[in-house]
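J.:
Protein chains: 2
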Amino acid sequence: MTGTGTGSRTDVRAAAPGDGSLLLDDQLCFALYAASRAVTARYRPLLDELGLTYPQYLVLLVLWERDSISVRELGAALHLESSTLSPLLKRLEANGLLRRERRADDERSVALRLTRDGARLRERAGTVPLAIGDAMGLTPEQDALAKQLLRLLTANVTEG
Amino acid sequence: MTGTGTGSRTDVRAAAPGDGSLLLDDQLCFALYAASRAVTARYRPLLDELGLTYPQYLVLLVLWERDSISVRELGAALHLESSTLSPLLKRLEANGLLRRERRADDERSVALRLTRDGARLRERAGTVPLAIGDAMGLTPEQDALAKQLLRLLTANVTEG
DNA sequence: CGGTATTAAGTCGTGCACAACTTATTAGGA
DNA sequence: TCCTAATAAGTTGTGCACGACTTAATACCG
C-alpha cells in the first residue's frame with residue numbers, strides 16, 4: 008500500500024488551464040501576480056538609491072529610448088492611463104528629472120523632455136538590469152521563453 | 008546591400024537575460040508587469056458582478072480552501088503584509104462575507120471565518136476560472152510551463 | 001517570578017492603478 | 001462656416017501595496 012490507497016486518481020492536483028479549479032496554487036493568474044510583486048520588490052532597494060519607484064523607472068526607460076514624446080505615446084508604451092501617468096509625471100518633474108510642455112502645434116498634447124539630470128540618471132541605472140537579471144536566475148532560454156509566453160498571454164487577454 | 012548596410016550585427020535586439028539593455032521591450036520585468044495588469048483587467052468585469060476586487064477574490068480563494076485561518080496564515084499564502092490585508096479584510100467584513108474574531112487561545116491572532124454569504128459566493132465564482140482560462144488562450148502545455156517559470160522566478164527573486 | 005524579546009494585527013503616509021468625469025483643443029462633416 | 005465628434009490631459013474617488021511604526025499579547029530566559 009505504498010500509494011496511500013484510495014484516491015490516487017483524484018490526487019491529481021495538476022493545473023489544467025481550462026479546468027474549473029478554485030485552488031489558489033492552480034491559478035496562473037496568482038503565479039503572475041505573485042511574481043510581478045516579487046520582482047518589483049527586488050528592484051526596490053536598487054531604485055531607492057536612484058530616488059525612483061518602479062513605475063517611474065519604467066517611464067524613464069521609455070524616455071531614454073525616445074525623448075520628447077507625449078503623455079499619450081508614453082501611455083501606449085506602458086499600457087497606462089493618463090490618470091495614472093499625470094500625477095507620476097508631476098512627481099518626476101518636481102524631482103527635476105523631466106519637464107512637461109504643451110506642444111505649440113497641438114495644445115492638447117504635452118511633450119515630455121528629460122532634463123540634464125534625467126538624462127544623466129541613465130548611466131547610474133545601467134547596472135540595474137544586470138543585477139535584476141542575475142537575481143532572476145533564469146537561463147537565456149528560460150528568460151526568452153517567459154517573455155514570449157507573457158507577451159502571448161497579454162495579447163490574448165487584451166483583445167476581445 | 009540588402010542588409011541596410013552597417014549595423015546588421017548591432018541590430019540584434021534580442022533580449023539576453025543578463026545583458027545590460029535598457030530597452031523597455033527587452034525587459035522580462037515589464038512583460039511581467041504588463042501581463043499581470045492585463046490579466047487583472049480581464050477579471051474585473053467578472054468580479055464586478057460578484058462585488059469583488061481581484062485581491063479580494065484571491066482572499067476568498069484561500070478561505071474557500073481552508074476556512075478559519077489567521078491573518079498571518081492568509082498573508083503567507085498570498086505573500087501580502089498585514090498592512091495590506093487588514094483594510095481589505097475590513098471591507099470584506101463590512102460586505103458581510105466574513106467575520107474576524109480574536110482567538111481565545113491567543114489573543115494576538117485573528118481568525119477569519121466565512122459567513123454563509125461568503126461561503127455561498129463560491130458557487131457563483133465557479134465559472135470565473137473557466138472564463139479566464141479561456142481568455143488566456145494558452146495550451147495546457149503553455150499554461151503549465153508559464154506557471155513553472157513564474158514560480159521559479161518568484162523563488163529565485165525572493166531569496167537572497 | 002520578572003523583564004525583555006518576539007509575534008500578530010493594525011495604523012499611517014506615500015505612490016500607484018483605474019473608472020468616471022471634466023476641461024480644453026482640434027478635426028471633420030452638413 | 002458652424003457645430004458636433006473626437007482627442008489629450010488632467011481631476012477625483014476607491015482600493016490596493018508596502019515601509020515604518022504602534023499596540024497588545026505571548027514566549028522565553030535568567
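Quick mapping for you: the protein sequence lines, in order, are chains A and B. Sequential numbering of the first sequence, starting at 8, is according to the numbering used here. Sequential numbering of the second sequence, starting at 8, is according to the numbering used here. Ideal placement from N, C-alpha and C gives every residue a C-beta, glycine not left out.
1. Which full runs of the alpha helix (DSSP H) of 4+ residues lie inside the region 82-114 of chain B, going along the chain?
2. Count the other CB atoms within 10 Å of the CB of Ala41(B); is the residue buried (16 or more) or exposed (fewer)?
3. Closest Cβ-Cβ distance between Ser28(B) and chain A: below 8 Å?
4. Short of 9 Å Cβ to Cβ, which residues in the region 111-142 of chain B face chain A?
5. At what residues does the beta strand (DSSP E) containing Arg120(A) begin and finish?
6. Looking at chain B, which residues of the region 41-62 of chain A have a Cβ within less than 9 Å of any of its Cβ atoms?
7. Applying the 10 Å Cβ sphere with the 16-neighbour rule, what's the burial state of Asp33(B)?
8. Looking only at C-alpha atoms, which of Ala138(B), Arg158(B), Ala111(B), Gly82(B) sits nearest to Thr47(B)?
9. Along the alpha helix (DSSP H) that carries Gly140(A), what are the first and last residues, could you check?
10. Contact criterion: CB-CB distance below 8 Å. Does Gly144(A) meet it with respect to chain B?
11. From the DSSP output, read off the bridge partner residues of Ser77(A).
12. Tell me whether Gly27(A) sits in a helix, a strand or coil according to DSSP, three-state version.
13. Excluding the five sequence neighbours on either side, which residues of its own chain have a C-beta within less than 7 Å of the C-beta of Leu31(B), listed in chain order?
14. Can you give me the Cβ contacts of Ser116(B) inside the same chain, cut-off strictly under 6 Å, excluding the 5 residues immediately before and after it?
15. Quick check: is the beta carbon of Arg2(A) nearer than 8 Å to any beta carbon in chain B?
16. What are the start and end residues of the alpha helix (DSSP H) that includes Thr161(B)?
17. Could you list which residues in chain A have their beta carbon closer than 7 Å to that of Thr161(B), in chain order?
18. So Val164(B) contacts chain A; which residues on that side make the cut at Cβ distance below 9 Å?
19. Leu53(B): which of Ser90(B), Thr165(B), Pro136(B), Ser75(B) sits nearest, CA to CA?
20. Using a Cβ-Cβ cut-off of less than 7 Å, give me the residues of the region 78-112 of chain B that come near chain A, in sequence order.
21. Which value, in whole angstroms, describes the spacing of the CA atoms of Leu159(B) and Ser43(A)?
T.: With the given structure in hand:
1. 89-101
2. buried
3. yes
4. Arg129, Ala132, Gly133, Thr134, Val135, Pro136, Leu137, Ile139, Gly140, Asp141, Ala142
5. 117-121
6. Ala41, Ala42, Ser43, Arg44, Ala45, Val46, Thr47, Ala48, Arg49, Tyr50, Tyr61, Pro62
7. buried
8. Ala138(B)
9. 135-143
10. yes
11. Ala118(A)
12. coil
13. Phe37
14. Ser77, Arg110
15. This structure gives no information on residue 2(A), because the portion of chain A shown stretches from 8 to 167.
16. 147-165
17. Ala41, Ala42, Ala45
18. Ala42, Ala45, Val46, Ala48, Arg49, Ile139, Ala142, Met143, Gly144
19. Pro136(B)
20. Ala84, His86
21. 12 Å
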